[in-house]
Amino acid sequence: MNPGDTERLQITIQGAVQGVGFRPFVYRLATEAGLPGWVRNGAQGVLIEVEGHRQELQRFLNDLETGKPPLAIIQSLEFAYLDRQGYEHFEILHSDNLGAKSAFILPDIATCEDCVREVCDPADRRFRYPFTNCTNCGPRFSIIRALPYDRPNTSMRHFRLCSDCGREYADPLDRRFHAQPNACPRCGPRLTLWDATGRTLARDEEALQGAVQAIREGHTVAVKGLGGFHLLVDAQNAQAVRRLRHRKPRPHKPFALMYPTLKAIRADCFVDEAEARWLRSPECPIVLLLRRPEAQITTWVAPDNPTLGVMLPYTPLHHLLMAALDTPVVATSGNRTDEPITTDEHQALGRLRGFADLFLVHDRPIVRHVDDSVLRIIRGQPLLLRRARGFAPLPLILRRPVPPILALGAHLKNCVALAFDRQAFISQHIGDLSTFEAHEAFRQAVADLQQLYEVAPRYVAHDLHPDYLSTQYAKSLNLPAVAVQHHHAHLAACLAENEVEGPALGITWDGTGYGPDGTIWGGEFLLGDAGGFRRVAHLRPFRLPGGDQAVREPRRSALGILYALFGSQSMNRDDLAPVQSCSAEERRVFARMLSQGLNAPVTTSAGRLFDAVAALTGLCQHASFEAQAAMALEFAVDETEATAYHFDLRPPVEGDLVRDAEYVVDWEPVIYALLADRRAGVPPGVIAARFHNGLAEVAIAVARAVGERRVALSGGVFQNRCLLTRIASRLEAEGFRPYVHQRVPPNDGGIALGQVAVAAARFES
Ligand code: ZN
Ligand code: ZN
Ligand code: FE
1031 MNPGDTERLQ ITIQGAVQGV GFRPFVYRLA TEAGLPGWVR NGAQGVLIEV EGHRQELQRF
1091 LNDLETGKPP LAIIQSLEFA YLDRQGYEHF EILHSDNLGA KSAFILPDIA TCEDCVREVC
1151 DPADRRFRYP FTNCTNCGPR FSIIRALPYD RPNTSMRHFR LCSDCGREYA DPLDRRFHAQ
1211 PNACPRCGPR LTLWDATGRT LARDEEALQG AVQAIREGHT VAVKGLGGFH LLVDAQNAQA
1271 VRRLRHRKPR PHKPFALMYP TLKAIRADCF VDEAEARWLR SPECPIVLLL RRPEAQITTW
1331 VAPDNPTLGV MLPYTPLHHL LMAALDTPVV ATSGNRTDEP ITTDEHQALG RLRGFADLFL
1391 VHDRPIVRHV DDSVLRIIRG QPLLLRRARG FAPLPLILRR PVPPILALGA HLKNCVALAF
1451 DRQAFISQHI GDLSTFEAHE AFRQAVADLQ QLYEVAPRYV AHDLHPDYLS TQYAKSLNLP
1511 AVAVQHHHAH LAACLAENEV EGPALGITWD GTGYGPDGTI WGGEFLLGDA GGFRRVAHLR
1571 PFRLPGGDQA VREPRRSALG ILYALFGSQS MNRDDLAPVQ SCSAEERRVF ARMLSQGLNA
1631 PVTTSAGRLF DAVAALTGLC QHASFEAQAA MALEFAVDET EATAYHFDLR PPVEGDLVRD
1691 AEYVVDWEPV IYALLADRRA GVPPGVIAAR FHNGLAEVAI AVARAVGERR VALSGGVFQN
1751 RCLLTRIASR LEAEGFRPYV HQRVPPNDGG IALGQVAVAA ARFES
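For the sequence shown, my numbering assigns the number 1031 to the initial residue and increments by one for each residue that follows.
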């Protein structure tokens, strides 16, 4: 996007915004600002599109939220910056349901200001009641069993409204008119505090106080919240946080934090306007923020990490807990590694055994698990890293109508999607399908979407990998199926959410995706659209000793690359950190794997190249969680360093392990330069910067060689803020148009949307 270019801002709003003078307000706002476009009511809520320069659009968005009519309540607001359509004036359009009308399920909404006020008011009958909610806030997606959205179809059906609550529920003038989860201390859900064996220690206010006291004393309390359990522990207590890490076990992966107030967040983190907006939004996601050096929380919360994942309380229970504690707490998902978050208190006793000292539970069942969403602001716009609470199950609006398609998503960070007409309903984050529990959650989510929307899919889309459970599940459905290559899905997802029909150059970089040639792809340059693609370039392939095990041992990626350069001599390079970290026996084993190609699959993975470089830079040989090494490399970057390592862009040659594309992006000169820098004592921060800069330059080189102006950036590697910023800025400076993810994650959480787009294109033709 050049500074002179105009863009289109697309906004979707849910809430009490119809019939309260909202459309005339939008009309006035747009025409006063001279922004052409339209506003329209639809089944999806209020849709707005306006065109202008980025700054004008940002101001419009801000004025929309701050200046809205007093009666207009926004329960959810999603937006995306798209290419301009060329509107000439602003108009109010007739309502349009974008195809068949579908019943609509709202996501769970953070407690509104009115409800917070009541909970804090000693004169109010809901004073200190942890399950207070109203029509404008509270649980939705996590309590709905079936449509229509009426109380008997929710997990509130066993709670009989008392006379006061019933009166509110029936009064059209009341804020709780038809508020399905309406409740009060007399008739609604109650808190209970259990010890680790499930023995009741206290109820109601006493239970809350007991939990607060325990957290103050350094204990871990499992708290049943909105969409599942959290483990809460005092974030300023190093010993307590360390103990939780030891118990889980989770040595390094950052914990999320909940803060009592925005002011308290500002004391520990740098917060800009966009970040503050999201922290206080009805979606209330975890926002990744840069931590201040003087932050009071223990480093055990996020070891070696300059950022913190931070959120504010989003239910009255959290508000009450946080107000009483008045200190930030770790609020990490109550689960065992790689399993979905626990939702049931009786299951929690078993599954969280050994993690939690106490359980603060309640008797409102959670119908489906919904994790906290995670978001990061990059280049002034939101990048969702996990789409769940506050967003799921809101649909993405598609450019064209599609037949009913079920997309089963990726194997890791799984989300499924059900699309029909012009809507793609994307499930909440499910997780890694390698555990039994996650696979159960996957099947449930698939059944759930079909049941809720009463749509039976006509087609199914799944990953190309023949062995994935999702692939086998797809076969069991007996529907016309399309197998979608993983990186093609990444490209198609990025194009779909940016409303671009292609063709475009997809720079799709991640850890792993099954390639049609049976090798592991992950550093791909694909030219195409949802209908198909050509692999125009890929990273130079190398062997991964031990295959999947390399994810946990970045040094293995480094050994694979060293072997490609130095052959059997590489294992004698005691001057290199990854070699140094191997015992004599390990060296023998790795050398044999690499020389004979046994249990050493060929990969073009960009994620593994990051691992190799992090290992060679001496930053990380063993990783306890995915992308730890790549994050270490990103965090090390010295921002003042402007020079770049040079990647060779060349045709495939004899000796390349894969010759499948017109170009190979060869890291050989990068590795030689890196090793020379190491010998010369160049600091890791400079090496990391030169590597990132080099990737940006070679991305430009490929884009030039291909000659396609539109470039889509997708794949988990683009969660890297430094890399995304550099590549997008450099592309713009060179006259290309980069597209980045906005509403679905660049990681595998976005795969289901891409599968929908590919399947739609396939079955259309
Ligand atoms: Zn409310
Ligand atoms: Zn009541
Ligand atoms: Fe991926």
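Backbone N, C-alpha and C define an ideal beta-carbon position, used for all residues, glycine too. For clarity, every value in this text was computed on a predicted model and none was experimentally measured.
Same chain, Cβ closer than 8 Å to Gly-1097, five either side skipped, listed in chain order: In the sequence shown, counting from the first residue as 1, residue 1097 sits at position 67. So the qualifying residues of the chain are Phe-1055 and Leu-1059.
Pocket of ligand 1 defined by Cβ to heavy atom distance under 5 Å: Cys-1142, Cys-1145, Cys-1164, Asn-1166 and Cys-1167
Gln-1048 to Glu-1143 span [Cα, whole Å]: For the purposes of this step, residue 1048 is taken as residue 18 along the sequence shown, with counting starting at 1. For the purposes of this step, residue 1143 is taken as residue 113 along the sequence shown, with counting starting at 1. The alpha-carbon atoms of Gln-1048 and Glu-1143 are separated by roughly 20 Å.
query: Rounded C-beta distance between Pro-1219 and Asp-1393? I'm assuming under 8 Å.
result: In the sequence shown, the residue the question calls residue 1219 occupies position 189. In the sequence shown, the residue the question calls residue 1393 occupies position 363. Confirmed, about 5 Å.
- prompt: Between Gly-1724 and ligand 4, is the CB less than 8 Å from at least one heavy atom?
  reply: For ligand 4, the structure offers nothing, since it holds only ligand 1, ligand 2 and ligand 3.
query: Who's in the neighbourhood of ligand 2, going by beta-carbon under 5 Å from any heavy atom, listed in chain order?
result: Cys-1192, Cys-1195, Cys-1214, Arg-1216 and Cys-1217
query: Over what stretch of residues does the alpha helix (DSSP H) that includes Lys-1293 continue unbroken?
result: Within the sequence shown, numbered from 1, the residue matching residue 1293 stands at position 263. Its alpha helix (DSSP H) spans residues 1292-1298.
field: Beta-bridge pairing of Glu-1108 - partner residues as DSSP gives them
entry: Here residue 1108 refers to the residue found at position 78 when the sequence shown is read from its first residue. Its beta-bridge partners are Thr-1042.
query: In terms of alpha-carbon separation, which member of Ala-1653, Pro-1496, Ala-1660 and Ala-1226 lies closest to Ser-1635?
result: Stepping through the sequence shown from its first residue, residue 1635 is reached at position 605. Cα-wise, what sits closest to Ser-1635 is Ala-1660.
- request: Pair every Cβ in the stretch 1520-1537 with every Cβ in the stretch 1778-1790, then say whether three or more of these pairs are closer than 8 Å.
  value: yes
query: What are the boundary residues of the beta strand (DSSP E) that includes Tyr-1489?
result: Within the sequence shown, residue 1489 is the residue found at index 459, counting from 1. It spans 1489-1493 - the beta strand (DSSP E) in which Tyr-1489 sits, taken as one unbroken run.
- request: Kindly provide the ranges of any beta strand (DSSP E) runs that are 3 or more residues long and lie completely inside the stretch 1249-1326, ordered along the chain.
  value: 1251-1254, 1259-1264, 1286-1288 and 1316-1321
field: Residue from Cys-1612, His-1652, Gln-1105 and Arg-1114 with nearest C-alpha to Gly-1082
entry: Within the sequence shown, the letter at position 52 stands for residue 1082. Nearest option by C-alpha distance: Arg-1114.
- request: Give the DSSP bridge partners of Glu-1836, in chain order.
  value: The structure shown has nothing for residue 1836, since the chain only spans 1031 to 1795.
field: Pick from Asp-1478, Pro-1412, Pro-1202 and Phe-1466 that is closest to Leu-1448, judged by C-alpha positions
entry: For this step, residue 1448 is matched to residue 418 along the sequence shown. For the residues Asp-1478, Pro-1412, Pro-1202 and Phe-1466, the minimum Cα distance to Leu-1448 belongs to Asp-1478.
task: Please work out which residues of its chain come closer than 6 Å, Cβ to Cβ, to Val-1786, disregarding the five sequence neighbours upstream and downstream, and give them in chain order.
output: Start at 1 with the first residue of the sequence shown, and residue 1786 comes out as number 756. So the list reads Ile-1435, Ala-1437, Ala-1447, Ala-1449 and Ala-1454, once near-sequence residues are dropped.
field: Alpha-carbon spacing of Asp-1298 relative to Val-1331, whole angstroms
entry: Locating residue 1298 in the sequence shown gives position 268, where the first residue counts as 1. Locating residue 1331 in the sequence shown gives position 301, where the first residue counts as 1. Taking the straight line from one Cα to the other gives about 13 Å.
message: Is it buried or exposed, Pro-1343, if we count other Cβ atoms within 10 angstroms and call 16 or more buried?
response: Sequence index remark: in the sequence shown, residue 1343 carries index 313 (1-based). Buried, since its Cβ has 16 or more Cβ neighbours within 10 Å.
field: Under the three-state DSSP convention, the category Cys-1145 falls into
entry: As a first step, residue 1145 must be located in the sequence shown, where it is residue number 115. The answer is helix: DSSP assigns Cys-1145 an H, G or I state.
task: Would you mind giving the Cβ-Cβ distance between Ile-1316 and Val-1253, rounded to the nearest angstrom? I have them listed as a contact below 8 Å.
output: Start at 1 with the first residue of the sequence shown, and residue 1316 comes out as number 286. Start at 1 with the first residue of the sequence shown, and residue 1253 comes out as number 223. Not a contact, Cβ separation roughly 16 Å.
field: For Phe-1120, the nearest candidate out of Arg-1155, Arg-1170 and Arg-1053 (CA to CA)
entry: Within the sequence shown, residue 1120 is the residue found at index 90, counting from 1. Among Arg-1155, Arg-1170 and Arg-1053, the Cα nearest to that of Phe-1120 belongs to Arg-1053.
query: Run through DSSP, which three-state label would Ala-1130 get?
result: For the purposes of this step, residue 1130 is taken as the residue at position 100 of the sequence shown. Below a pLDDT of 50, predicted positions are generally treated as unreliable, and Ala-1130, at 45, falls in that range; the measurement from the model is reported next regardless. Three-state DSSP puts Ala-1130 in coil, outside helix and strand.
query: His-1276: buried (16+ other C-beta within 10 angstroms of its C-beta) or exposed?
result: Along the sequence shown, one-based indexing puts residue 1276 at 246. Answer is exposed; the Cβ neighbour count stays below 16.
message: Rounded to whole angstroms, what is the Cα-Cα separation between Ala-1735 and Tyr-1693?
response: As a working mapping, residue 1735 is identified with position 705 in the sequence shown. As a working mapping, residue 1693 is identified with position 663 in the sequence shown. Roughly 9 Å separates the two Cα atoms.
query: Per DSSP, what kind of secondary structure is Tyr-1693 in: helix, strand or coil?
result: If you number the sequence shown from 1, residue 1693 lands on position 663. Here Tyr-1693 sits in strand by DSSP.
field: Length of the line joining the Cα atoms of Gly-1545 and Trp-1551
entry: Taking the first residue of the sequence shown as position 1, residue 1545 is located at position 515. Taking the first residue of the sequence shown as position 1, residue 1551 is located at position 521. Near 5 Å, if we compare the C-alpha coordinates of Trp-1551 and Gly-1545.
Val-1578: CB within 8 Å of a non-hydrogen atom of ligand 3: On the sequence shown, position 548 is the one that residue 1578 refers to. The residue you asked about is not Val; residue 1578 is Asp in the sequence shown. Answer for Asp-1578: no, Cβ out of range of ligand 3.
- prompt: Can you list, in chain order, the residues of its chain whose CB lies under 6 Å from that of Ala-1719, leaving out five sequence neighbours each side?
  reply: As a working note, residue 1719 is residue 689 in the sequence shown. Only Val-1667, Asp-1668 and Glu-1671 meet the Cβ criterion.
field: CB contact flag (Gly-1258, Pro-1370, <9 Å)
entry: Position 228 of the sequence shown, counted from the start, is the residue given in the question as residue 1258. Position 340 of the sequence shown, counted from the start, is the residue given in the question as residue 1370. Result yes, Cβ atoms of Gly-1258 and Pro-1370 sit closer than 9 Å.
field: Cβ-based burial, Asp-1035 [other Cβ within 10 Å; buried from 16]
entry: Start at 1 with the first residue of the sequence shown, and residue 1035 comes out as number 5. By the beta-carbon neighbour count (other beta carbons within 10 angstroms, threshold 16), Asp-1035 is exposed.
task: Can you have a look at Val-1512 and say buried or exposed, based on whether 16 or more other CB atoms are within 10 angstroms of its CB?
output: Taking the sequence shown and counting its residues from 1, one reaches residue 1512 at position 482. With 16 or more other Cβ atoms within 10 Å, it is buried.
Meets three-Cβ-pair contact criterion under 8 Å: the stretch 1163-1170 and the stretch 1204-1212: yes
message: If the criterion is Cβ atoms closer than 9 Å, does the pair Ala-1824 and Asp-1493 meet it?
response: Residue 1824 cannot be examined here, being either before or after the span of the chain that is shown, 1031 to 1795.
query: Cβ atoms of His-1459 and Asp-1401: under 9 Å apart, would you say?
result: Along the sequence shown, read from residue 1 onward, the residue named residue 1401 stands at position 371. Along the sequence shown, read from residue 1 onward, the residue named residue 1459 stands at position 429. Yes, the pair counts as a contact, with Cβ atoms nearer than the cut-off.
query: In whole angstroms, what is the alpha-carbon distance linking Glu-1236 and His-1376?
result: The residue given as residue 1236 occupies position 206 in the sequence shown. The residue given as residue 1376 occupies position 346 in the sequence shown. Approximately 21 Å between the Cα atoms of the pair.
- request: Give me the Cα-Cα distance between Leu-1136 and Leu-1415, rounded to the nearest whole angstrom.
  value: In the sequence shown, the residue the question calls residue 1136 occupies position 106. In the sequence shown, the residue the question calls residue 1415 occupies position 385. Their Cα atoms are separated by approximately 20 Å.
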